[in-house]
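Report on one structure; see the data block that follows.
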Amino acid sequence: MRRLLYIVREAWANMRTNRTTTIVAILTTAFTLACVGIFLLLYVNLRNAAGWLQEDVKIMVYLEDAVHPARRQALEQELKSDRMVFGVLFISKEQALGEFRAQFPAESHLLEGLGENPLPASFVVTLAPNYRSPQSMKGWAERVQMMEGVAKVDYNQDWINVLAELIGYIELAAIGVGMLLSAASVTIIGNTIRLALFTRREEIEILRSVGATRTFIRIPYFLEGAVLGAFGSALSLGILKIGFELFRQQMQLAGRFSGIEGLLSFFPFSLCIALVVAGTGLGLAGSVVSLLRVGEGRA
Amino acid sequence: MDAIIQLIHVSKWYDRRAALSDVTIEIEKGDFVLLMGPSGAGKSTLLRMLIGEEQPDEGQVFVHGRNVTKLKQSEIPYLRRKVGSVFQDFRLLSKKSVFDNVALPLVVQGASEKDIRRKVTEALRAVGVDHKKDQSPNSLSAGEQQRVCIARAIVNGPVVLLADEPTGNLDPERTGEIIELFKLINARGTTVIVATHDPYVMKQINRRAVTLVQGVLMPDGRLAERVEV
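Same order as they appear, the protein sequences are chains X and R.
Take the first sequence: its letters are residues 1 to 299, numbered as in our numbering.
Take the second sequence: its letters are residues 1001 to 1229, numbered as in our numbering.
Have a look at this one:
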């Protein structure tokens, strides 16, 4: 018990002795991890957005004008019985025209001159949740395109591809920046531990002379590194949360993007915990690097 | 004979200068040995070898039946728990109380709270500073600080007690008291080795004396005999 108390007390004493360095280390770690957090936040929100868009994607199956009503009904049955299809809605030529007029009242006169309704009848198809990936959608569209009576199959493939590509880049950037800044955090914490080792070298010498093992001597420094990492990452989450809320407020005030702010989300609680654990791990890594490089003295 | 310490043809060089040169010595259990010689004679090097802080370039060192030169790094702390060390500069932690300083060897071993309290109280009583257990070492006199250092060295009942110039910072009166303390500890069965170049200490202790001169061991004998000769 006293041994455990001793270890905890020593770690606390280390931090108190080098108070300024400790605070600077926590702050620098916090800002460094906050930078990583910005990318992570962007990544998480874009992924969410991609998810919503994917959910919302409707595939338009346009029919040939000359398609026989019997063939149209057969096609509808065929689509409805497809296991990849979640829902099918038929839109006749007249309905399409009506929708066009409702959506674009100013441009509706353009169709007047054509005499005949140029808009095709179509099926609006929603795929089942398991088949909403870009690959599945592409495969399904290609298959339906070959069916008799189908003029064209259309969906926002480009949009989805661009978003997927963007998410891929952000993911790469997050990994790159994350690795770079994590290494910076490890170095900062490592230097703090090195300073603590230097400050307390006489005490370490005494501990060694009375028979303390390397592990016993090192544990307080490991603990200190872990605590610095944990505090740094917790603080970085605080900074991010404040920044995030301010950004959301600005979006709301700007009006132009009204509605988007409701879609933005901060890290879920489980990810916050994971980030604090990761910060603790980085701090621990800083101690390990420091103790491996300079050691706690000769054994 | 029951040798607790053996150095066999031990040599150590620093930058081609011999700190110890072919030293062979045997110290028996319960002995009180004075390790004498001027500064730079190799006394501290020899003591450091006994706790695995230095390794000889040649020869072998045995302490309590274990070959120190063959010990793994991880085994050295366990050797140090059997050998108490007293230093000229006391090496006490100023931020800890006298009690906590003396408790340190027991804490690192993971002794129970009850054991720590009992053994520290006994050790402090043995050296006569039990009434100062809650004070900071900095508030004590040099003599008292050295007593605390001795208490820390004996608190876990070591088989050997090493003292490197233990009276170097003390006046003659305090020196006499510390010497008496070492004699008392030795009388209880602990092997004591005191390294010193202080002639006053040499005169106070009429025990086996081993002399080092420039790393070379002189033929040993009792100090009183040597003084008479």
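For glycine and all other residues, C-beta sits at the position ideal for the given N, C-alpha and C.
Note that the structure is predicted; figures quoted are calculated from it, not measured.
TODO: Give me the Cα-Cα distance between L301/X and I1178/R, rounded to the nearest whole angstrom.
DONE: Only positions 1 to 299 of chain X appear in the structure, and residue 301/X is not among them; the question remains open.
- [ ] Using a Cβ cut-off of 7 Å, pull out every chain R residue sitting near E224/X, in sequence order please.
- [x] The contacting residues do not exist; E224/X stays about 16 Å from chain R at best.
TODO: Use the C-beta contact count for Q135/X: other C-beta atoms within 10 angstroms, 16 or more gives buried, fewer gives exposed.
DONE: Result: exposed.
- [ ] Identify which residue in V1061/R, T1069/R, V1155/R and A1209/R has its Cα closest to the Cα of L1120/R.
- [x] Looking at the sequence shown, residue 1120/R is not Leu but Val. Answer by Cα proximity: V1155/R.
Open item on the list: Please state whether the Cβ-Cβ distance between T1191/R and I1004/R is less than 8 Å.
Closed with: Yes, the pair counts as a contact, with Cβ atoms nearer than the cut-off.
Task: S1141/R burial status per 10 Å Cβ neighbour count (16 or more: buried) - done: Its Cβ having fewer than 16 others within 10 Å, S1141/R is exposed.
Open item on the list: Here's a check: name, in chain order, each residue in its chain whose Cβ is nearer than 6 Å to the Cβ of R1017/R, leaving out the five neighbours to either side.
Closed with: In its chain, beyond the 5 residues on either side, no residue has a beta carbon closer than 6 Å to the beta carbon of R1017/R.
Open item on the list: Please report the distance separating the alpha-carbon of D1015/R from that of K1133/R.
Closed with: For D1015/R and K1133/R, the gap between their C-alpha atoms comes out near 44 Å.
Task: Within 8 Å, strictly: CB atoms of G1042/R and G1215/R - done: For G1042/R and G1215/R, yes; Cβs fall inside 8 Å.
Open item on the list: I'd like to know if G1110/R contacts chain X, where contact means its C-beta is closer than 8 Å to some C-beta of that chain.
Closed with: Chain X contact via Cβ: present.
TODO: For I23/X, count neighbouring C-beta atoms within 10 Å of its own C-beta (all shown protein chains included) and say buried if the count is 16 or more, exposed if not.
DONE: I23/X should be labelled exposed.
TODO: Whole angstroms is fine: what's the gap from A184/X's alpha carbon to I1193/R's?
DONE: Spanning the two alpha carbons is a distance of roughly 51 Å.
Task: Straight-line Cα distance separating L1161/R from K1082/R - done: When the Cα atoms are used, K1082/R and L1161/R turn out to be separated by approximately 9 Å.
Open item on the list: Considering only the alpha carbon of each residue, which of S1112/R, V1108/R, Q1146/R and E1113/R lies closest to L1124/R?
Closed with: The alpha carbon of L1124/R has as its nearest neighbour, out of S1112/R, V1108/R, Q1146/R and E1113/R, the alpha carbon of Q1146/R.
Open item on the list: As a quick exercise: from I1027/R, S1021/R, V1108/R and V1102/R, pick the residue whose alpha carbon is nearest that of V1210/R.
Closed with: Ranking I1027/R, S1021/R, V1108/R and V1102/R by Cα distance to V1210/R puts I1027/R first.
Task: Sub-8 Å separation of R1066/R and L1079/R beta-carbons - done: Yes.
- [ ] Please report how far the alpha carbon of E1225/R lies from the alpha carbon of M1036/R, in whole angstroms.
- [x] Low per-residue confidence applies at E1225/R: pLDDT is 49, beneath 50, and the placement is therefore not dependable, though the value from the model is reported in the following sentence. It is roughly 15 Å from the alpha-carbon of E1225/R to the alpha-carbon of M1036/R.
TODO: Mind listing, in chain order, the continuous beta strand (DSSP E) runs of no fewer than 3 residues lying wholly within the stretch 1147 to 1204 of chain R?
DONE: Correct list: 1160 to 1164 and 1191 to 1196.
- [ ] Note down, in chain order, each residue of its chain lying with its Cβ closer than 7 Å to the Cβ of I1025/R, except the 5 sequence neighbours on either side.
- [x] Cβ within range, chain order: L1007, V1210 and L1217.
- [ ] Starting from V61/X, trace the beta strand (DSSP E) both ways and give me its first and last residue.
- [x] If you look at V61/X, you'll find it in the beta strand (DSSP E) that goes I59 to L63.
TODO: Using three-state DSSP, classify D158/X as helix, strand or coil.
DONE: The answer is helix: DSSP assigns D158/X an H, G or I state.
TODO: Return the chain-ordered list of same chain residues with a C-beta closer than 6 Å to the C-beta of Y131/X, the five sequence neighbours on each side being excluded.
DONE: If we look at Y131/X and ignore the five residues flanking it on each side, its Cβ neighbours are M84.
Task: Short CB-CB distance (under 8 Å) between E203/X and chain R - done: So, interface residue.
Open item on the list: Any beta carbon from chain R within less than 8 Å of L207/X's own beta carbon?
Closed with: Closer than 8 Å: yes.
Open item on the list: Could you compute how far the alpha carbon of G176/X sits from the alpha carbon of Y169/X?
Closed with: Spanning the two alpha carbons is a distance of roughly 10 Å.
Task: As assigned by DSSP and simplified to three states, the class of S1112/R - done: S1112/R: coil per DSSP, three-state reduction.
Task: Simplified DSSP assignment, three categories, for A74/X - done: It is helical.
Task: Residue-chain proximity (Y1078/R, chain X), Cβ-Cβ < 8 Å - done: Cβ-Cβ to chain X under 8 Å: yes for Y1078/R.
Task: Min CB distance W6/X to chain R below 8 Å - done: Checking the sequence shown, residue 6/X turns out to be Tyr, not Trp. Chain R, which has a Cβ nearer than 8 Å to the Cβ of Y6/X, makes this yes.
- [ ] Could you please tell me which residues of the stretch 213 to 241 of chain X, in chain order, have their CB closer than 8 Å to any CB of chain R?
- [x] Hits within the stretch, in order: T213, R214 and F216.
Task: DSSP beta-bridge partners of T1211/R - done: Per DSSP, M1036/R.
Task: Nonlocal neighbours in the same chain, by C-beta distance under 7 Å from V88/X, ignoring five residues either side - done: Cβ-Cβ distances below 7 Å link V88/X to E76, L79, K80, F123 and V125 in the same chain, with the five nearest sequence neighbours on each side left out; the list follows chain order.
TODO: Specify the secondary structure class of I1237/R as computed by DSSP and reduced to three states.
DONE: As displayed, chain R neither begins before 1001 nor continues past 1229, which places residue 1237/R out of reach and without an answer.
Task: Which listed residue (T20/X, G178/X and L4/X) has its alpha carbon closest to that of L282/X - done: Nearest of T20/X, G178/X and L4/X to L282/X, Cα basis: G178/X.
- [ ] Check each residue of the stretch 1040 to 1060 of chain R: if its Cβ is closer than 9 Å to any Cβ of chain X, include it; give the result in chain order.
- [x] Along the stretch 1040 to 1060 of chain R, the positions whose C-beta sits under 9 Å from a C-beta of chain X are I1051, G1052 and E1053, read in chain order.
Task: Residue burial classification, A278/X (beta-carbon count within 10 angstroms, cutoff 16) - done: Classification of A278/X: buried, given that the 10 Å Cβ count is 16 or more.
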